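Numbering (my numbering), first residue to last: 1127 to 1529.
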């Protein structure tokens, strides 16, 4: 079969073939390892962001645009019930809860800290933070003047469980209100800023403090992160058809940090891909040019036996395709093995702005291997086009004259 002839040519020139395969494999393996690391990092950040925001949040456009006058963006109990009825028709939803967020000033003795209070339903499964509590206990439905504070805030203000702090806030009527809160628990989070700025109190108690019965957002969890965009479109259409002036935002829209980091990762992998492409392209171009040049007499003999230029070109390109497949597959195998071994080491590091060390890991899947594999194959095939065309166009007499 003619497709075996190029493979036999590669096996006949083993030294050059091994060198070419090694170069392609090295570029593929490096690209795969870095791409797997970036993809795993993005998945970890996605999970953390969804844990903080939920998959979707529904609120007034005035809240999202920060154009409200006071608390006029609050969702009334009647509107909330109407939204919950619409969400009940959606099969892809795994949980729904509500929140009420507002700013305040926390005082502990002579020390103060501007904070963001998140009032939520204790024990809800949609945004359950019970597993984040490292000291004390989570909020309970019967709690009234109870608060969860972050570990970083507790360290800064020298607070511990059962200490009493004072929270000052502004009600929906514009009046000032102050209340003592007992610290029932201390939570940890991956972000130091969240630990410093975010407090959690029971929603019913927060509504009493603000003198309101409303909430500011409804949070929705879905079966998977991949269903976010499609579910957003469906829910937004249902809200519009019901005449509700509410807007749905996704977890990645709510987290500017994730959008910036994901963009940086994409640019980083783009530069890496370009570097690998250029490396493989020019090295293999040089190797194939020399290889085809050394086989000039062989090509002349083949042409003299009646082989057309097109057939010679096809054989040379097929030879390059074999080289691309062998090198890229070898690189994928090395990258997957190296990634698996790296994951087994369990190396930890603490990213900037975090308070918890995380395990460095590489996403080891065949889906992750596709982009590096495709780049290496494409670079090898493109590098073979020019020398293959040049060699196939040699005159038979000139080719046979070469010693």
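Glycine included, each C-beta is placed from N, C-alpha and C at the ideal position.
Being a predicted model, the structure only gives us computed values, none of them experimental.
Locate the beta strand (DSSP E) running through residue i, then write down its first and last residues.
i            : result
residue 1347 : 1343-1348
residue 1373 : 1373-1376
residue 1272 : 1272-1276
residue 1261 : 1259-1262
residue 1327 : 1324-1328
Check the DSSP bridge columns for residue i and list the partner residues they point to.
i            : result
residue 1474 : 1485
residue 1306 : 1292
residue 1229 : 1242
residue 1224 : 1344
residue 1237 : 1234
residue 1182 : 1346, 1376
residue 1311 : 1262, 1274
residue 1410 : In the DSSP output, where bridge partners are listed per residue, residue 1410 has none listed.
residue 1219 : 1348
Between residue i and residue j, which are expected to be in contact by the criterion C-beta below 8 Å, what is the C-beta distance as a whole number of angstroms?
i            : j            : result
residue 1198 : residue 1183 : Not a contact, Cβ separation roughly 18 Å.
residue 1278 : residue 1322 : 5 Å
residue 1391 : residue 1167 : 7 Å
residue 1348 : residue 1218 : 5 Å
residue 1488 : residue 1163 : 5 Å
residue 1181 : residue 1344 : Their Cβ separation, rounded to whole angstroms, is 12 Å, which puts residue 1181 and residue 1344 out of contact at 8 Å.
residue 1465 : residue 1490 : 4 Å
residue 1306 : residue 1290 : 5 Å
residue 1207 : residue 1294 : The pair is not a contact, with the Cβ atoms about 32 Å apart (cut-off 8 Å).
residue 1467 : residue 1158 : Actually they do not touch by this definition, with Cβ atoms about 13 Å apart.
residue 1415 : residue 1150 : So it is not a contact: roughly 16 Å between Cβ atoms.
residue 1297 : residue 1336 : 5 Å
residue 1395 : residue 1161 : 6 Å
residue 1209 : residue 1449 : Wrong, their Cβ atoms sit about 60 Å apart, outside the cutoff.
residue 1417 : residue 1142 : 6 Å
residue 1165 : residue 1494 : 6 Å
residue 1374 : residue 1327 : That belief does not hold up - the Cβ atoms of residue 1374 and residue 1327 are roughly 26 Å apart, past 8 Å.
residue 1224 : residue 1341 : 4 Å
residue 1258 : residue 1365 : Incorrect: roughly 31 Å between the Cβ atoms, too far for contact.
residue 1316 : residue 1174 : 5 Å
Grab the span of the alpha helix (DSSP H) containing residue i for me, first residue to last.
i            : result
residue 1188 : 1187-1191
residue 1150 : 1140-1179
residue 1210 : 1203-1213
residue 1355 : 1354-1367
Given that a residue counts as buried once 16 or more other Cβ atoms are within 10 Å of its Cβ, and exposed if not, what is residue i?
i            : result
residue 1179 : buried
residue 1266 : exposed
residue 1193 : exposed
residue 1367 : exposed
residue 1389 : exposed
residue 1275 : buried
residue 1127 : Residue confidence for residue 1127 is low, a pLDDT of 44 falling below 50, so the modelled location carries little weight; the figure read from the coordinates is stated next. Residue 1127 is exposed by the Cβ-count criterion.
residue 1515 : exposed
residue 1215 : exposed
residue 1509 : buried
residue 1220 : exposed
residue 1229 : exposed
residue 1251 : exposed
residue 1412 : exposed
residue 1386 : exposed
residue 1444 : buried
residue 1191 : exposed
residue 1235 : exposed
residue 1270 : exposed
residue 1324 : buried
residue 1304 : exposed
residue 1397 : exposed
residue 1431 : exposed
residue 1300 : exposed
residue 1356 : exposed
residue 1361 : buried
residue 1471 : exposed
Do three or more CB pairs link the stretch 1296-1314 to the stretch 1245-1262 at distances below 8 Å?
The stretch 1296-1314, when compared against the stretch 1245-1262, does touch it at the 8 Å Cβ threshold.
Are the stretch 1141-1153 and the stretch 1282-1289 in contact at 8 Å, needing three or more beta carbon pairs?
The stretch 1141-1153, when compared against the stretch 1282-1289, does not touch it at the 8 Å Cβ threshold.
Quick test of the definition: if touching needs 3 or more C-beta pairs under 8 Å, does the stretch 1154-1163 touch the stretch 1483-1499?
Verdict: yes, contact present.
Would the stretch 1326-1341 and the stretch 1227-1246 be scored as touching if the rule is three or more Cβ pairs under 8 Å?
Judged by Cβ distances under 8 Å, the stretch 1326-1341 makes contact with the stretch 1227-1246, as three or more pairs qualify.
Any chance the stretch 1371-1387 sits against the stretch 1169-1179, with 3 or more Cβ pairs inside 8 Å?
With the cut-off at 8 Å, the stretch 1371-1387 and the stretch 1169-1179 touch.
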